[in-house]
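Below is one structure; the comments refer to it alone.
4 protein chains.
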Amino acid sequence: MNALPEPASSSRTEQKRRAILAEATTLFLRNGYRGTSMDEVASAAAVSKQTVYKQFTDKEGLFREIIAGVAQNADAIVETIRSAFGAVRAATREELETGLASVARAYLDAVLEPQVLSLRRLIIAEAEQFPDLAESYFRAAPSRGIDTTAACLAPYVESGILVVTDVQLAAAHFAYLALAVAQDRALFLPSRLPGAKERKRLATAAARAFIAAYAA
Amino acid sequence: MNALPEPASSSRTEQKRRAILAEATTLFLRNGYRGTSMDEVASAAAVSKQTVYKQFTDKEGLFREIIAGVAQNADAIVETIRSAFGAVRAATREELETGLASVARAYLDAVLEPQVLSLRRLIIAEAEQFPDLAESYFRAAPSRGIDTTAACLAPYVESGILVVTDVQLAAAHFAYLALAVAQDRALFLPSRLPGAKERKRLATAAARAFIAAYAA
Amino acid sequence: MNALPEPASSSRTEQKRRAILAEATTLFLRNGYRGTSMDEVASAAAVSKQTVYKQFTDKEGLFREIIAGVAQNADAIVETIRSAFGAVRAATREELETGLASVARAYLDAVLEPQVLSLRRLIIAEAEQFPDLAESYFRAAPSRGIDTTAACLAPYVESGILVVTDVQLAAAHFAYLALAVAQDRALFLPSRLPGAKERKRLATAAARAFIAAYAA
Amino acid sequence: MNALPEPASSSRTEQKRRAILAEATTLFLRNGYRGTSMDEVASAAAVSKQTVYKQFTDKEGLFREIIAGVAQNADAIVETIRSAFGAVRAATREELETGLASVARAYLDAVLEPQVLSLRRLIIAEAEQFPDLAESYFRAAPSRGIDTTAACLAPYVESGILVVTDVQLAAAHFAYLALAVAQDRALFLPSRLPGAKERKRLATAAARAFIAAYAA
DNA sequence: CATGAATGAGAATTCATTCAT
DNA sequence: TATGAATGAATTCTCATTCAT
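Residue numbers (my numbering), protein chains in the order written: chain A, 1 to 216; chain B, 1 to 216; chain C, 1 to 216; chain D, 1 to 216.
Put into structure tokens, the structure is as follows:
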């Protein structure tokens, strides 16, 4: 009956394993793949190098496991999108625009989380070295965000408020109208994330443009 | 069109200098900053390590000079945008949509050039290590692309075909409607660039959405 | 007499650490700071370079630790001086001259030890590079030798055999009368240290001059 | 008739040769033998490396020539001593003490010249690598200074003011009473040379002690 | 099982010296 | 003759990985 993946299992081994993953994640995100040494990982996790190697085989193995793990990170974003849409009760074009503005804002905030940005940077940096990881992250995160958005927009298409032939594409348009300006900038200027006022401006404008383009 | 004005000065020294820059650019783009060794650079350029060091002081110096140099890369994109807009003769909403579709396509093609993508990846990867370079590239390339777009859209605002209050923001919307889907994907999936058909689809849809949102 | 009190702690680590220090000391004294490579140190101590670096961080760190360590070297000289003075039982001017001659001789012998000379040379050579080390050595060794001498002369001042206003300066005069000729020469001519006869001559003459200058 | 060594001869070759010697001297004194590179020498002298090698064969050759050359440096000190003694007109013990104090002061000032100290440090540092240079410098400078002192003291022995059996040794005693305290310290603490007041104190005390020891 | 040490290679950088132009 | 380049080795330091205890 304990088929669940040992939620609180804490053999010493498991504890160390988790410590290693946690510290290594931090280090990889901060210093990149090449910029992180196994020595650092071991000492940050307060374990011996042997333990690291026994648990993860390789530096590459450790990296893969981590990147695979943080795909769950993406779940948080998906959940953000879904619940932001869930909070919307829109029967008119105007109501929908307002609703979408708040969705856009929530989406944007999620995507501008420093860890999310660091992860993006890390995976992009290693996209040629680890194409499979890049692909699986791409599917788990940006791509799935748009899928979710599409699913959430669908009801408004059915209800006739939106006039859309290709929902997937419309969802992408919405997402990138909301995100692209700030996200693109943030990739290059990590230390200067937009503040609340700017985020609001961008979210509002995205919702307005999207409604203008796609509302009945 | 890519006739670099072949600097008249071609002393042996200058030639070697250029060879080093060329090879190092290739290597940095392919393998990243940390993934490229000065030994590789020297032997790829068929010069001695001494020559590399005498010309560029440092690995960092070499890197900086290269990144600074490829800002000119951005000029090509700006030129592409400008000339694509220049080819448009639109007096009506429908003509403008057609025109913008071709602009979007040209813009997209420029941005999906493998070297442009690699450069983006490289600079994003090193954005925390070399924030000044990342910033100056951001200004020289994506940011300037949008400025250019704004400048090219302005006449249509004045002529009344477009109804826009914030041209800069509208330009960003146009640019990211046109580019974001493919560019985002291409950062993660370097080996699977969209083909002509897909590009056409994206460009057309971007122009349609933009016109729907912003035309009178 | 040279029974280093064999530190009880002799884990493998400690043993290696000591081996490294010992060999590095030899090498630095023989070949100087710049003339000694970390590779040499490691292989002379029969350990890996890693071990050296893990224990001492740096070449500079290793050097500093060694120089700091040999300040104890100075203790031996101080002890020599003190015990040479201790052996003196002088109630008259003539007895004191004889006593001081033997002190001078002991002092001279201590200072002409090849290792002491090499250390002097090494620290002088690096005095501009490592001013703090030079200063701390200067205080621990030559300076402290003179302090000790002053302390040992004091009783004779009190007993009236010596007539001295500035004991510190008188001690310096004694010390340098005894040492300077031979020490100066030895710094430049490492391979030709004075023999016993010459040392005796110098010590005797120093004592005579000092007594003539300072005795009642 | 121009048997003199071309006093103002200035073929371009000779000029360059002198420039190299001058700059290399500065560099060797400042940074030591190992701390000075042939590249630095060439560029400081504004000549090509070829020229350096053609003129001096070797780094070692260059070094030897320089050290040999600065033996003349010592001439200045000898001259200082001689002229300081020359200024003394002493018929009594008291006058001689005063005179010797001023000799001591002049001698001390000469020896504390930063360049003289640097040269001492340099030669001591390389005494094991270049024993012949160290020896020849020792003879040309400290040793010859004492010879000169001895020669200058001789008249006072003959006139009976001083009672000395071994003039050479007495001269050494005088010299080191005057110099050793400050010179020893200066070798270790290059940046803290004694000021005028301290120098005066040392010179006066040296003269007093010497007279007390050796005057009739 | 975990600690320290070892291995073996590789990176960045510098040097003394020599060749070609 | 002088300049830049080349050579080839050395130096400091770091890394990923594996033994031995």
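All C-beta atoms, glycine included, are put in the ideal place defined by N, C-alpha and C.
Item to check | 8 Å CB neighbourhood of Leu202(C) in its chain, flanking five on each side removed | outcome: Along the third sequence, one-based indexing puts residue 202(C) at 202. Excluding residues within five positions, the ones whose Cβ falls inside 8 Å are Ala104, Leu108, Ala178, Val181, Ala182, Pro194.
Checklist entry - In the structure shown, what three-state DSSP assignment does Leu119(D) receive? => result Within the fourth sequence, residue 119(D) is the residue found at index 119, counting from 1. It is helical.
Item to check | Where the stretch 171–192 of chain D meets chain C: residues whose CB sits under 9 Å from a CB there | outcome: Ala172, His173, Ala175, Tyr176, Leu177, Leu179, Ala180, Val181, Gln183, Asp184, Arg185, Leu187, Phe188, Leu189, Pro190, Ser191, Arg192
Checklist entry - Closest by CA to Glu60(A), which one among Ala207(A), Gly32(A), Ala206(A)? => result Locating residue 60(A) in the first sequence gives position 60, counting from the first residue. Checking every option, the nearest Cα to that of Glu60(A) belongs to Gly32(A).
Checklist entry - Relative to chain B, which residues along the stretch 109–135 of chain A have a C-beta separation below 9 Å, given in chain order? => result Ser118, Arg120, Arg121, Leu122, Ile123, Ile124, Ala125, Glu126, Ala127, Glu128, Gln129, Pro131, Ala134, Glu135
Checklist entry - Going by beta carbon distance, what residues of the same chain come within less than 6 Å of Ala206(B), once the five residues before and after it are set aside? => result Sequence index remark: in the second sequence, residue 206(B) carries index 206 (1-based). Once the five neighbours on either side are set aside, the close Cβ partners of Ala206(B) are Ala104, Leu177, Ala178.
Next on the checklist: Check whether chain A comes within 8 Å of Arg144(B), counting only Cβ atoms and requiring the distance to be less than that.
Outcome noted: Walking along the second sequence from the start, residue 144(B) turns up at place 144. It does not; no Cβ of chain A falls within 8 Å.
Item to check | Contacting positions in the stretch 25–41 of chain D - beta carbon closer than 9 Å to chain C | outcome: Arg30, Asn31, Gly32, Tyr33, Arg34, Gly35
Next on the checklist: Rounding to the nearest angstrom, what Cα-Cα distance links Ile77(C) and Thr148(C) in this structure?
Outcome noted: Translated into the one-based positions of the third sequence, residue 77(C) becomes position 77. Translated into the one-based positions of the third sequence, residue 148(C) becomes position 148. Roughly 10 Å between the two C-alpha positions.
Checklist entry - Is Tyr137(C) close to chain D, meaning its C-beta is less than 8 Å from at least one C-beta of that chain? => result Taking the first residue of the third sequence as position 1, residue 137(C) is located at position 137. Yes, Tyr137(C) counts as interfacial toward chain D.
Checklist entry - In chain order, what residues of the same chain lie with their CB nearer than 7 Å to the CB of Val47(C), ignoring the 5 residues before and after it? => result By 1-based counting over the third sequence, the position of residue 47(C) is 47. Only Lys16, Ala19, Ile20 meet the Cβ criterion.
Next on the checklist: Using the Cβ count rule (16 or more neighbours within 10 Å means buried), how would you classify Gly86(C)?
Outcome noted: Counting from 1 along the third sequence, the entry for residue 86(C) is found at position 86. Exposed is the call here.
Checklist entry - chain B partners of Ala104(A), CB-CB under 9 Å? => result Numbered from its first residue, the first sequence carries residue 104(A) at position 104. The premise fails here: Ala104(A) is roughly 13 Å from chain B at the closest Cβ pair, so nothing lies under 9 Å.
Checklist entry - Could you give the distance in angstroms between the alpha-carbon of Glu220(B) and the alpha-carbon of Ala42(B)? => result Since the displayed chain B opens at 1 and closes at 216, residue 220(B) lies outside it and no answer follows.
Checklist entry - Where Ile67(D) and Leu29(C) are concerned, what is the direct C-alpha to C-alpha distance, given to the nearest angstrom? => result As a first step, residue 67(D) is located in the fourth sequence; it is residue number 67 there, counting from the start. As a first step, residue 29(C) is located in the third sequence; it is residue number 29 there, counting from the start. Distance between the alpha carbons of Ile67(D) and Leu29(C) is about 23 Å.
Item to check | DSSP three-state assignment for Met1(C), whether helix, strand or coil | outcome: In the third sequence, the residue the question calls residue 1(C) occupies position 1. Confidence in Met1(C) is poor, its pLDDT being 37 and thus under 50, which makes the residue's placement too unreliable to answer from.
Next on the checklist: Counting only C-beta atoms, is Ala76(D) closer than 8 Å to chain C at any point?
Outcome noted: Within the fourth sequence, the letter at position 76 stands for residue 76(D). Not closer than 8 Å to any Cβ of chain C, the Cβ of Ala76(D) fails to qualify, so no.
Next on the checklist: For chain A, check one thing: does any of its Cβ atoms lie closer than 8 Å to the Cβ of Ala154(B)?
Outcome noted: As a position in the second sequence, residue 154(B) is number 154, starting the count at 1. Ala154(B) does not count as touching chain A.
Checklist entry - Can you name the residues that DSSP bridges to Leu162(D)? => result What you label residue 162(D) is simply residue 162 of the fourth sequence in a count that begins at 1. In DSSP, Leu162(D) forms a bridge with Ala215(D).
Checklist entry - When the cut-off is 8 Å and only beta carbons count, does Thr204(B) lie next to chain A? => result To locate residue 204(B), count along the second sequence from 1; it is residue 204. Output row for Thr204(B): interface = no.
Next on the checklist: Less than 8 Å between CB atoms is the rule here; does Ala213(A) satisfy it with respect to chain B?
Outcome noted: The sequence position of residue 213(A) within the first sequence is 213, counting from 1. Yes, because at least one Cβ of chain B sits closer than 8 Å to the Cβ of Ala213(A).
Checklist entry - Looking at chain A, which residues of the stretch 56–75 of chain B have a Cβ within less than 8 Å of any of its Cβ atoms? => result none
Next on the checklist: Taking the alpha-carbon of Arg64(C) as reference, which of Lys49(C), Thr25(C), Arg89(C), Ala209(C) has the nearest alpha-carbon?
Outcome noted: Within the third sequence, numbered from 1, the residue matching residue 64(C) stands at position 64. Closest by alpha carbon: Thr25(C).
Item to check | Nearest neighbour of Arg139(B), chosen from Glu14(A), Arg12(A), Phe188(A), Tyr53(A) [CA to CA] | outcome: Taking the second sequence and counting its residues from 1, one reaches residue 139(B) at position 139. It is Phe188(A).
Checklist entry - Would DSSP call Gln129(D) helix, strand or coil? => result Mapped onto the fourth sequence, residue 129(D) falls at position 129. If DSSP states are grouped into helix, strand and coil, Gln129(D) belongs with coil.
Item to check | Short CB-CB distance (under 8 Å) between Ala207(B) and chain A | outcome: Within the second sequence, numbered from 1, the residue matching residue 207(B) stands at position 207. Judged by the 8 Å Cβ criterion, Ala207(B) is not in contact with chain A.
Checklist entry - Measuring CA to CA, which of Pro155(A), Tyr156(A), Pro142(A) is closest to Ala172(A)? => result Here residue 172(A) is taken as the residue at index 172 of the first sequence, counted from 1. Closest by alpha carbon: Pro142(A).
Checklist entry - How big is the Cα-Cα spacing for Asp184(A) and Ser11(B)? => result To locate residue 184(A), count along the first sequence from 1; it is residue 184. To locate residue 11(B), count along the second sequence from 1; it is residue 11. In a straight line, the C-alpha of Asp184(A) is about 42 Å away from that of Ser11(B).
Next on the checklist: Strictly below 7 Å CB to CB, what residues from chain B border Leu169(A)?
Outcome noted: Taking the first sequence and counting its residues from 1, one reaches residue 169(A) at position 169. In chain order: Ala205.
Item to check | Given Leu117(C) as reference, the closest of Leu122(D), Val116(D), Ala213(D), Ala127(D) once Cα atoms are compared | outcome: Locating residue 117(C) in the third sequence gives position 117, counting from the first residue. For the residues Leu122(D), Val116(D), Ala213(D), Ala127(D), the minimum Cα distance to Leu117(C) belongs to Ala127(D).
Item to check | Boundaries of the alpha helix (DSSP H) in which Glu14(D) is found, first to last residue | outcome: Position 14 of the fourth sequence, counted from the first residue, corresponds to residue 14(D). That run of the alpha helix (DSSP H) goes 12–31.
Next on the checklist: Give me, in chain order, the residues of the same chain whose beta-carbon lies closer than 8 Å to that of Leu162(D); leave out the 5 immediate sequence neighbours on both sides.
Outcome noted: Here residue 162(D) refers to the residue found at position 162 of the fourth sequence. Leu96, Leu153, Tyr156, Ala170, Tyr214, Ala215, Ala216, listed in sequence order.
Next on the checklist: Rounded to whole angstroms, what is the Cα-Cα separation between Ser159(C) and Arg89(D)?
Outcome noted: Within the third sequence, residue 159(C) is the residue found at index 159, counting from 1. Within the fourth sequence, residue 89(D) is the residue found at index 89, counting from 1. Approximately 39 Å, taken between the alpha carbons.
Item to check | Delimiting residues of the alpha helix (DSSP H) encompassing Ser102(D) | outcome: One-based indexing of the fourth sequence puts residue 102(D) at position 102. Per DSSP, Ser102(D) belongs to the alpha helix (DSSP H) from 93–111.
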